[in-house]
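Working notes, structure below.
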Amino acid sequence: MAEAESLETASEHERILREIESTDSACIGPTLRSVYDGEEHWRFMEKLEARIRNHDREIEKMCNFHFQGFVDSITELLKVRGEAQKLKIQVTDTNNKLQESGKELLTEMEELRKCRSQQRNIAATVDQLTLCLPVLEMYSKLREQLKTKRHYPALKTMEHMEHTFLPRVNPYRFCTIMVEDIPTLREEIKEVSMSDLKDFLESIRKHSDKIGETAMKQVLSAQDLVDFSPVYRCLHIYTALGAQDTFENYYRKQRKKQARLVLQPPSNMHETLDGYRRYFNQIVGFFVVEDHILHTTQGLVNRAYIDQLWELAVSKTMSALRTHSSYCSDPNLVLDLKNLLVLFADTLQGYGFPVNQYFDMLLEIRDQYGEILLKKWSGVFRYILDLDNYSAIPVLNEEEYMRVMGQFPFHDPELENQSFPKKFPFSEFVPKVYTQIKEFIYACLKFSEDLHLSSTEVDDMIRKSTNLLLTRTLSNCLQNVIKKQHVGLTELVQIIINTTHLEQSCKFLEEFITNITNVPPETIHATKLYGTATFKDCRHAAEEEIYTKLNQKIDQFLQLADYDWMRAEHNGHASDYLVDLIAFLRSTFAVFTHLPGKVAQTACMSACKHLSTSLLQLLLDTEVRQITMGALKQFNMDIEECEHFARSGPVPGFQGDTLQLAFIDLRQLLDLFIQWDWSTYLADYGQPNCKYLRVNPTTALILLDKISRAMKDTSRKNNVFAQFRKNERDKQKLIDTVAKQLRSLIHNMSHHH
Numbered sequence: 003m004a005e006a007e008s009l010e011t012a013s014e015h016e017r018i019l020r021e022i023e024s025t026d027s028a029c030i031g032p033t034l035r036s037v038y039d040g041e042e043h044w045r046f047m048e049k050l051e052a053r054i055r056n057h058d059r060e061i062e063k064m065c066n067f068h069f070q071g072f073v074d075s076i077t078e079l080l081k082v083r084g085e086a087q088k089l090k091i092q093v094t095d096t097n098n099k100l101q102e103s104g105k106e107l108l109t110e111m112e113e114l115r116k117c118r119s120q121q122r123n124i125a126a127t128v129d130q131l132t133l134c135l136p137v138l139e140m141y142s143k144l145r146e147q148l149k150t151k152r153h154y155p156a157l158k159t160m161e162h163m164e165h166t167f168l169p170r171v172n173p174y175r176f177c178t179i180m181v182e183d184i185p186t187l188r189e190e191i192k193e194v195s196m197s198d199l200k201d202f203l204e205s206i207r208k209h210s211d212k213i214g215e216t217a218m219k220q221v222l223s224a225q226d227l228v229d230f231s232p233v234y235r236c237l238h239i240y241t242a243l244g245a246q247d248t249f250e251n252y253y254r255k256q257r258k259k260q261a262r263l264v265l266q267p268p269s270n271m272h273e274t275l276d277g278y279r280r281y282f283n284q285i286v287g288f289f290v291v292e293d294h295i296l297h298t299t300q301g302l303v304n305r306a307y308i309d310q311l312w313e314l315a316v317s318k319t320m321s322a323l324r325t326h327s328s329y330c331s332d333p334n335l336v337l338d339l340k341n342l343l344v345l346f347a348d349t350l351q352g353y354g355f356p357v358n359q360y361f362d363m364l365l366e367i368r369d370q371y372g373e374i375l376l377k378k379w380s381g382v383f384r385y386i387l388d389l390d391n392y393s394a395i396p397v398l399n400e401e402e403y404m405r406v407m408g409q410f411p412f413h414d415p416e417l418e419n420q421s422f423p424k425k426f427p428f429s430e431f432v433p434k435v436y437t438q439i440k441e442f443i444y445a446c447l448k449f450s451e452d453l454h455l456s457s458t459e460v461d462d463m464i465r466k467s468t469n470l471l472l473t474r475t476l477s478n479c480l481q482n483v484i485k486k487q488h489v490g491l492t493e494l495v496q497i498i499i500n501t502t503h504l505e506q507s508c509k510f511l512e513e514f515i516t517n518i519t520n521v522p523p524e525t526i527h528a529t530k531l532y533g534t535a536t537f538k539d540c541r542h543a544a545e546e547e548i549y550t551k552l553n554q555k556i557d558q559f560l561q562l563a564d565y566d567w568m569r570a571e572h573n574g575h576a577s578d579y580l581v582d583l584i585a586f587l588r589s590t591f592a593v594f595t596h597l598p599g600k601v602a603q604t605a606c607m608s609a610c611k612h613l614s615t616s617l618l619q620l621l622l623d624t625e626v627r628q629i630t631m632g633a634l635k636q637f638n639m640d641i642e643e644c645e646h647f648a649r650s651g652p653v654p655g656f657q658g659d660t661l662q663l664a665f666i667d668l669r670q671l672l673d674l675f676i677q678w679d680w681s682t683y684l685a686d687y688g689q690p691n692c693k694y695l696r697v698n699p700t701t702a703l704i705l706l707d708k709i710s711r712a713m714k715d716t717s718r719k720n721n722v723f724a725q726f727r728k729n730e731r732d733k734q735k736l737i738d739t740v741a742k743q744l745r746s747l748i749h750n751m752s753h754h755h
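Have a look at this one:
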């Protein structure tokens, strides 16, 4: 194994030696390195020494063989030496000349080098300027855009610079300044655009009134009224800056604040229509703007946001209207408010907002309007009734006659055929009240216009309101007049006549309503005009007041009655107060000729009954303790005067002696005492056909006691003839007997009951 390795090494060393002999000395390094890379370089060195010695022997042999040639060569070389010296001198001289002439060339070459260097620098500079100039131009353009407030293009320019141009010129200082400047400029743009938005928001807040007014008048589109470019610019800028959410949140927040301000009504809004108009205009202006923003921007506002604001608006405006309209007492202002609210609702409906609640609200305001009308017409009716003279309307000629006929539907052939001058049966308040009822109906109709109601609903509203006008307002006014102290019987009679004619005219009111609503009264769902019952009620109240006032008058006359209850004889005629009372009754009932027959008859019967009852009370008055037969006969003459009045037929229509029956109680009582017909009374008492059926035993006993006391008193004073005293005593005994029997009757009656 060792032998094999030794042979291999010896072979390698032989190869290296051949390479050294045949290879250029410049390339011998790697060959020698391979020797030292091996482990037996010492063996190589031995071989190398051996080879050198071998070559030395070869050289020595060759030199010995060529020695003469060598000597010849030396001789030749010495000759060459002299020539070489000459050549050296020439070369030196040539070199000096060349150096001298080369200096100028070197200078030119240095100039050329410098020129080439400058040329390269210029080329490099041009190249760099070629890169820098667009950046600088773009920066200049950016500054110009900022100066002219073209912020969105400015942002685009910045973006272009950042991503395309500035990276190319990164090492330069101005580039660093620009890079640092761009975020600041972005913030400036942000602030400026936000400032523009704030100005825009402030502007539309100030001008929302005008925007809304114009929109309501012409229903113009929002862009015709407002420059929206600040919003769009700001939105674009914030979107470009990646801050769209910030912008949207800010815009919505600010507009919500403005909405709350717009929806807050001024405290004195209810005082004038302008107050309401400004309020509605601002709201319309607000939502016109928001609707336009909704449809012209992507997501700045959305439907949910608009709906939320609209719900707030409806809630706030409804509340404000309820509060402020409740202060209003002027029907014209309420009517104007209704027209304004209809225009407001119709305008916003045109922009797609739901407005049903406003029309429901209008129905509430309609009820309030109705109440205000009723209050107003209450004043109108009071004024008419206060000014009326409660006398039949006289007309002197055809013109005056037609004036009244034009105001009130009255047809009476008998009156038409009469010659002038003539009189209508009613007083001025009839045509005036009738005209005002029609005016009220017109006022109700005005409110129903433009409410999108059916003709049936309008008709229903008018009839209900008219019913209220009649049953509440006019009724109260008439009732108040009837109850007034200074209203006399003549006025009451005229009121009864007037209400009769007004009641008859209600069919014309029905026709009037039908003509303006085109809904016939026989329609199934039509409201009936039941308010006509008002006139019946007022007439009944007036009739009752007539009865009351007649009785009061009778009482006033009776207060003048001054009977001498101890008189010996009557004076041969009725008492003066009673004559005056009867004369008053005659003149009063003469006025009743235009009244319905039953009213006049009832009034007359009521008066006679009250007179009869009051006269009986005079007889039975506890303060009157004694009554003589002479006084009783005088009282009888007064009753005869009353009976004469009853027989004379003060009002037509009574059958037979019906009116006289009012005095039957008194007549039977007086006949019993004057005729002293006690035997008949006591014998027939309790029988249905007895002569003194109407005489109550208690009443008879009271009067008998008074007469008895008067007789005793007279007897004491007139102490004269014995025969007279005996007659008095006999009569007194009879009185005592009758009184005893009357007490027995009274006792039996009370025991029986």
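In terms of our numbering, the sequence shown is residues 3 to 755. Note that beta-carbon positions come from the ideal geometry of N, C-alpha and C, so glycine has one too. Quantities reported herein were computed from a predicted structural model and do not represent experimental measurements.
- Taking the Cβ atoms as the reference, D276 lies roughly 17 Å from V344, outside the contact range of under 8 Å.
- Judged by beta-carbon spacing, Y240 lies beyond the 7 Å limit of F230, meaning their Cβ atoms are not closer than that value.
- Its Cα nearest to that of I515, the residue D461 stands out among D461, H503, Q558, L80.
- The C-beta of L531 has 16 or more other C-beta atoms within 10 Å across all chains shown, which makes the residue buried.
- In chain order, Y240 place their CB closer than 6 Å to the CB of Q246, counting only its own chain and leaving out the 5 sequence neighbours on each side.
- Beyond the five residues adjoining it in sequence on each side, K258 comes within less than 8 Å, by CB distance, of L311 in the same chain, given in chain order.
- Per DSSP, the continuous alpha helix (DSSP H) segment holding F510 begins and ends at 491 to 519.
- With contacts defined by Cβ atoms closer than 7 Å, E512 and F537 do not form a contacting pair.
- M463 and I439 have their C-alpha atoms roughly 15 Å apart.
- Secondary structure at V653: coil, using DSSP grouped into helix, strand and coil.
- The alpha carbon of S429 has as its nearest neighbour, out of I629, I497, D39, N358, the alpha carbon of I497.
- According to the DSSP secondary-structure assignment, P396 is paired through a beta bridge with K425.
- Residue range 680 to 686 is occupied by the alpha helix (DSSP H) that includes W680.
- Residue nearest to T590 within the set A156, E161, L494 is L494 (criterion: CA-CA distance).
- In the three-state reduction of the DSSP assignment, S269 falls in the coil class.
- Secondary structure of I308 (DSSP, three-state): helix.
- Within the model, the alpha-carbon separation for P654 versus S577 is close to 27 Å.
- The C-alpha of T437 lies about 21 Å from the C-alpha of L337.
- Between F675 and L634, the C-beta gap is smaller than 7 Å, which places the two residues in contact.
- For Y694, there is no enclosing alpha helix (DSSP H), as DSSP marks it with neither H nor E.
- By the C-beta density criterion, D564 is exposed, having fewer than 16 other C-beta atoms within 10 angstroms.
- Distance from the CA atom of S317 to the CA atom of Y281, rounded to whole angstroms, is 14 Å.
- Two segments are said to touch when three or more pairs of C-beta atoms, one from each, lie closer than 8 Å; by this definition the region 6 to 16 touches the region 42 to 52.
- With three or more CB-CB distances shorter than 8 Å, the region 470 to 481 counts as touching the region 380 to 388.
- Within the same chain, Cβ atoms closer than 6 Å to the Cβ of S616 are found at L560, the five residues on either side in sequence being excluded.
- Note that the C-beta distance between V740 and W678 is not below 7 Å.
- Residue Q603 holds the alpha-carbon nearest to the alpha-carbon of F656 among A664, Q603, L705.
- Under the DSSP assignment, E524 falls outside any alpha helix (DSSP H); it carries neither an H nor an E label.
- Counting along the chain, P598 sits inside no alpha helix (DSSP H), nor does DSSP assign it H or E at all.
- Relative to the Cα of I191, the nearest Cα in the group A242, C177, E215 belongs to A242.
- Less than 7 Å divides the Cβ of Q662 from the Cβ of A648.
- Secondary structure at F230: coil, using DSSP grouped into helix, strand and coil.
- The distance from the Cβ of L747 to that of P690 is about 16 Å, inconsistent with a contact at the 8 Å cut-off.
- Here S195 has H153, R235, C236, I239 as same chain residues with Cβ atoms under 7 Å from its own Cβ, once five neighbours each way along the sequence are excluded.
- One thing to note: T492 has its Cβ no nearer than 7 Å to the Cβ of V581.
- For the options L613, Q87, H575, the alpha carbon positioned closest to that of M639 is the one of H575.
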